[in-house]
Structure formats: structure tokens, C-alpha cells
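Letter by letter, the sequence shown follows residues 1 to 75 in full-length UniProt numbering.
First up is the structure itself, then whatever we jot down about it.
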Amino acid sequence: MSITWVIVIAVLTLLAGVALGFFIARKYMMNYLKKNPPINEQMLRTLMMQMGQKPSQKKINQMMRAMNDQQQQKK
Numbered sequence: 001m002s003i004t005w006v007i008v009i010a011v012l013t014l015l016a017g018v019a020l021g022f023f024i025a026r027k028y029m030m031n032y033l034k035k036n037p038p039i040n041e042q043m044l045r046t047l048m049m050q051m052g053q054k055p056s057q058k059k060i061n062q063m064m065r066a067m068n069d070q071q072q073q074k075k
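See the structure below:
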């Protein structure tokens, strides 16, 4: 009878650890994305200027739309 209690406690501890780990990782990622947001138009414009390109609004909109479409496909 004592072996069954050990197994039950081990399984419950494992499940609690998985659940706790999930919520901690989720909170960490939410904070990370809040501090380091995904790329926006200003970042894209700066990146293009550093690469030696003169960014037009049309080109920036096109690249933002392409990145958003790519993110939607991943989901």
C-alpha cells in the first residue's frame, strides 16, 4: 500500500511541476515581449537606412504586411 502512495505523490508532484512551469514560462514570455516588442515601422525604416536603402512608405507597408502574413501563417 505504501508503494501506491509513493507513485500517486510522484505523479501529482510531476503534474504540479509541469503546470507551474507552464505558467512561469508564460509570464516570462509576456514580460519579455512587453520589454522587447516585435519589429515596428520605425525599426524597419532604421534597418533599411542602415543597409543603405532609402525607404519609401509603400515599401515599408509592403514589408510590414509580408511580416504580418508570415506570423499569421505560423499560428
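Backbone N, C-alpha and C fix where the C-beta goes; we use that ideal spot for every residue, glycine too.
Subject >> Ile39, DSSP secondary structure in three states >> reply: coil
Helix, strand or coil for Met30 per DSSP? helix
With hydrogens ignored, establish whether the beta-carbon of Ala10 is closer than 6 angstroms to any heavy atom of the ligand HEM. Of ligands this structure carries none, so the ligand HEM is not represented either.
**Request:** Put Lys54 into one of helix, strand or coil per three-state DSSP.
**Result:** coil
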